[in-house]
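Peer 1: Handing you a structure now.
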Amino acid sequence: MAAETDAPFVVEALSIVKRFGGATALAGVDFRVRRGEIHALLGQNGAGKSTLVKILNGVHRAGSFEGRILLDGRPVSFGSTAQARLGGVGYVPQEIEVLEQLSVAENVFAGQTGLGGRLVRQRVLERQASVLFRELGLDIAPSTLVAALTPAQRHIVMIARALAAKPAVLMLDEPTASLSGAEVDRLFILLRRLKAQGTTMIFITHRLPEVMALCDRATVLRDGRVAAELKRGEFDAGTVIAAMSGQRLSRLYPAHTPPAQSPVLLEIDGLSVAGRGHEQRALEGIDLTLRAGEILGIAGLLGSGRSELLGAIYGSVPYSGRIRVEGRAVTIRRPKDARDAAIALLTEDRKRSGLLFNLPVAKNITIGNLMLFSSGGVLNPGAERAAALRTMRDLRVKAPSPNAAVAHLSGGNQQKLLLGRVLMRQPKILLLDEPTKGVDVGTRSEIYRLIVDLAETGVGLIVVSSELEEVIGLADRCLVMADGRFVDAFERGAGSEERVLRSIAAAQAERAA
1 MAAETDAPFV
11 VEALSIVKRF
21 GGATALAGVD
31 FRVRRGEIHA
41 LLGQNGAGKS
51 TLVKILNGVH
61 RAGSFEGRIL
71 LDGRPVSFGS
81 TAQARLGGVG
91 YVPQEIEVLE
101 QLSVAENVFA
111 GQTGLGGRLV
121 RQRVLERQAS
131 VLFRELGLDI
141 APSTLVAALT
151 PAQRHIVMIA
161 RALAAKPAVL
171 MLDEPTASLS
181 GAEVDRLFIL
191 LRRLKAQGTT
201 MIFITHRLPE
211 VMALCDRATV
221 LRDGRVAAEL
231 KRGEFDAGTV
241 IAAMSGQRLS
251 RLYPAHTPPA
261 QSPVLLEIDG
271 LSVAGRGHEQ
281 RALEGIDLTL
291 RAGEILGIAG
301 LLGSGRSELL
311 GAIYGSVPYS
321 GRIRVEGRAV
331 TIRRPKDARD
341 AAIALLTEDR
351 KRSGLLFNLP
361 VAKNITIGNL
371 MLFSSGGVLN
381 PGAERAAALR
391 TMRDLRVKAP
401 SPNAAVAHLS
411 GGNQQKLLLG
421 RVLMRQPKIL
431 LLDEPTKGVD
441 VGTRSEIYRL
451 IVDLAETGVG
461 LIVVSSELEE
471 VIGLADRCLV
481 MADGRFVDAF
491 ERGAGSEERV
501 LRSIAAAQAE
511 RAA
């Protein structure tokens, strides 16, 4: 591969301007990617990353924006995603999009023809997939049903699907968002192998350590403009954050000291949850307490039982055991029972189990809370709208209007809508499952500040996150979970990522012995 300064540009987006109504999403962006590099595309939610990617991918068709797109030096005009794929642009979205009841081979070649005439032959598909997998160094059997794969394997199937069309450039949107540390390592091995084979990649992420570990160059967008173009030798967390936010963040995790001996809000005794498939228990004999004004972190790897714990407390997962709220025994069999007990949950998957895309911004905040604006079963639209506007202002939601479509909002602003919805009832206990998933550095800082502010008003919070640094940085007290049980606990300042991983490894070895 040619040296960085000599390698030709594979992708050039020149003087790109894109408007939505009266709002300008991209204002004269120049974005260039060299052959054979892994190029990071960075920026806060709402900076214009998704809009630029949708232009390159044909979602926003030619003619709907100003400027030019060049691939290998030739102008291209994509009228659809299918045209972009045929033109040499591969795209792997953040959300897993697979056909679970079809085989790996059928998923890899979904939507493609020419592998055996008018009739698609399974053996031909599997043979072609085997050739592709050997080139990629993968050991997934092409005949395996996708339903049997892990999330990481499903993501790799999506990458293989994009590569099957032999694209000139591969765009990866937050590919590690749902992966554990070990799965991220395996994905990076694959991406480095692809780079060694000459594949050009655009890597979209909010996780700066991934940029440092993997990428050759980076472009930072802010407010629809290019804020910085950085070579690998110029990568620095402070520089990137300053370019993304326009200011330097002096402290990522706000300081918080929980009140001494505050009243107990939540007590759990002997909580167990049945496992799936061959698992005996997803949770086994869990005990915990949560005090008013405390931020309690649950650290653990994917599959440890963290989300099942929050689901049991919120009534969306059947459980056995005892739950007390403010000393009173409660029976929680459905989410309504939890809400009646002043417990709220911020869901992990905002797109599948949180947002309602058929409703506008304001309705997404107030839905589920309409009793607050009703009298005698009659809704007061003025009071509802005022509450929605107040929430948008307090959480600094960036949206053209309360009637705007939720789909057009950035991931960070979508997350703020869900936060506004769960906070509208003023819960005493707030369960946060992956509160900053798919959220940029600046919005993360806002969410961290909000978490601490809520704790200082006496709300008790339980935070679950795949990012160990986040749990350790936020929590006043941290419980480490492995195989459905707690295996370690430490106070603020006494823990580290290494301690968490060692505790998990020791517990797993003990159980296997």
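Per UniProt numbering, the very first residue in the sequence shown carries number 1; after that it's consecutive.
For each residue, glycine too, the CB sits at the ideal point set by N, CA and C.
Helix, strand or coil: which one does DSSP assign to H408?
Peer 2: Note: H408 maps to helix in three-state DSSP.
Peer 1: Between the alpha carbons of A243 and K363, how many angstroms are there, rounded?
Peer 2: Looking at the two C-alpha atoms, the distance is approximately 34 angstroms.
Peer 1: Could you pull the DSSP bridge partners for G460 from this structure?
Peer 2: Answer by DSSP bridge pairing, in chain order: I429.
Peer 1: If I'm right that G315 touches R333 with Cβ under 8 angstroms, what's the distance once you round it to whole angstroms?
Peer 2: About 6 angstroms separates the two Cβ atoms, so the contact holds.
Peer 1: Given this structure, state the Cα-to-Cα distance separating G321 from R385, to the nearest angstrom.
Peer 2: Going from the Cα of G321 to the Cα of R385 covers about 41 angstroms.
Peer 1: Is it right to say T199 is buried, meaning 16 or more other beta carbons lie within 10 angstroms of its own, or is it exposed?
Peer 2: Looking at its Cβ environment, which holds 16 or more other Cβ atoms inside 10 Å, T199 is buried.
Peer 1: How many angstroms separate the CA atom of L379 from the CA atom of A27?
Peer 2: Distance between the alpha carbons of L379 and A27 is about 42 angstroms.
Peer 1: Roughly how many angstroms separate the alpha carbons of R207 and S375, rounded to a whole number?
Peer 2: Cα-Cα distance, rounded: 46 angstroms.
Peer 1: What is the rounded straight-line gap between the Cα of G442 and the Cα of P360?
Peer 2: Those two C-alpha atoms are separated by around 24 angstroms.
Peer 1: Does the beta-carbon of L86 have 16 or more other beta-carbons within 10 angstroms, so that it is buried, or is it exposed?
Peer 2: Counting Cβ neighbours within 10 Å, L86 comes out exposed, since fewer than 16 surround it.
Peer 1: Look at the alpha carbon of G420 and the alpha carbon of V29, and state the distance between them as a whole number of angstroms.
Peer 2: Roughly 33 angstroms between the two C-alpha positions.
Peer 1: Can you check which of these residues, K351, A344, N358, is closest to N369 by C-alpha distance?
Peer 2: If we check each option's Cα against that of N369, A344 comes out closest.
Peer 1: Between which two residues does the alpha helix (DSSP H) containing T200 stretch?
Peer 2: Counting along the chain, T200 falls outside any alpha helix (DSSP H), and DSSP gives it neither H nor E.
Peer 1: Closest to E469 by C-alpha separation, out of I156, E326, L301, would be which residue?
Peer 2: Selected option, being the one with the closest Cα: L301.
Peer 1: Taking Cβ to Cβ, would you say I313 is nearer than 8 angstroms to L461?
Peer 2: No, the Cβ-Cβ distance between I313 and L461 is not below 8 angstroms.
Peer 1: S375 bridges to which residues according to DSSP?
Peer 2: Its beta-bridge partners are V378.
Peer 1: What did DSSP end up calling L115 once you bin it into helix, strand or coil?
Peer 2: Caution is warranted here: a pLDDT of 46 is assigned to L115, below 50, making its placement in the model unreliable, and no coordinate value can be reported.
Peer 1: What is the DSSP secondary structure of A227, counted as helix, strand or coil?
Peer 2: Looking at A227 - three-state DSSP - the assignment turns out to be strand.
Peer 1: Under three-state DSSP, which class holds H39?
Peer 2: Note: H39 maps to strand in three-state DSSP.
Peer 1: Going by beta carbon distance, what residues of the same chain come within less than 8 angstroms of K195, once the five residues before and after it are set aside?
Peer 2: These residues qualify, in order along the chain: G36, E37, I38, M201.
Peer 1: With DSSP as the reference, identify every bridge partner of R390, one or two as the case may be.
Peer 2: Partner(s): none; R390 has no beta bridge.
Peer 1: Can L346 and V459 be called in contact, C-beta distance under 8 angstroms?
Peer 2: Not a contact, by the Cβ cut-off of 8 angstroms.
Peer 1: Thinking C-alpha only, which one of G303, E348, E326 is nearest Q508?
Peer 2: The shortest Cα separation from Q508 among G303, E348, E326 belongs to G303.
Peer 1: Considering only residues of the segment 108-190, which uninterrupted beta strand (DSSP E) runs meet the minimum length of 3 residues and lie entirely inside it, listed in chain order?
Peer 2: Within the segment 108-190, the complete beta strand (DSSP E) runs of at least 3 residues are 169-173.
Peer 1: Beta carbon of A162, beta carbon of V92: below 8 angstroms?
Peer 2: Taking 8 angstroms as the Cβ cut-off, A162 and V92 qualify as a contacting pair.
Peer 1: Taking 8 angstroms as the threshold (C-beta atoms), are R291 and V264 in contact?
Peer 2: Going by C-beta atoms, V264 is nearer than 8 angstroms to R291.
Peer 1: Please work out which residues of its chain come closer than 8 angstroms, Cβ to Cβ, to L485, disregarding the five sequence neighbours upstream and downstream, and give them in chain order.
Peer 2: Looking at the sequence provided, one finds Arg at residue 485 rather than Leu. If we look at R485 and ignore the five residues flanking it on each side, its Cβ neighbours are L283, E284, G285, I286, G305, A507.
Peer 1: Buried or exposed: which applies to V131, given that a residue is buried once 16 or more other Cβ atoms fall within 10 Å of its Cβ?
Peer 2: V131 is exposed by the Cβ-count criterion.
Peer 1: Could you pull out every unbroken beta strand (DSSP E) segment of at least 3 residues lying fully inside the segment 297-385, listed in chain order?
Peer 2: Here the runs fully enclosed are 320-325, 328-330, 343-346.
Peer 1: Give me the residue from L356, R193, Q153 with the minimum Cα distance to A182.
Peer 2: Here the closest residue by C-alpha is Q153.
Peer 1: How would you call G495, buried or exposed, if buried means at least 16 neighbouring beta carbons within 10 angstroms?
Peer 2: Answer is buried; the Cβ neighbour count reaches 16.
Peer 1: With a threshold of 8 angstroms on Cβ separation, who are the neighbours of I472 within its own chain once the five nearest residues in sequence on each side are excluded?
Peer 2: G297, A299, C478, G495, S496, E497, V500, listed in sequence order.
Peer 1: Under three-state DSSP, which class holds E12?
Peer 2: E12 falls in the strand class under three-state DSSP.
Peer 1: In chain order, what residues of the same chain have a beta carbon less than 6 angstroms from the beta carbon of G137, not counting five sequence neighbours either side?
Peer 2: Same-chain partners within the cutoff: R193.
Peer 1: Classify F357: buried if its beta carbon has 16 or more other beta carbons within 10 angstroms, exposed otherwise.
Peer 2: Flag for F357 reads exposed.
Peer 1: Please determine, among L190, V220, G224, V226, the residue with the shortest C-alpha to C-alpha distance to F235.
Peer 2: Comparing Cα-Cα distances from F235 to each of L190, V220, G224, V226, the minimum goes to V220.
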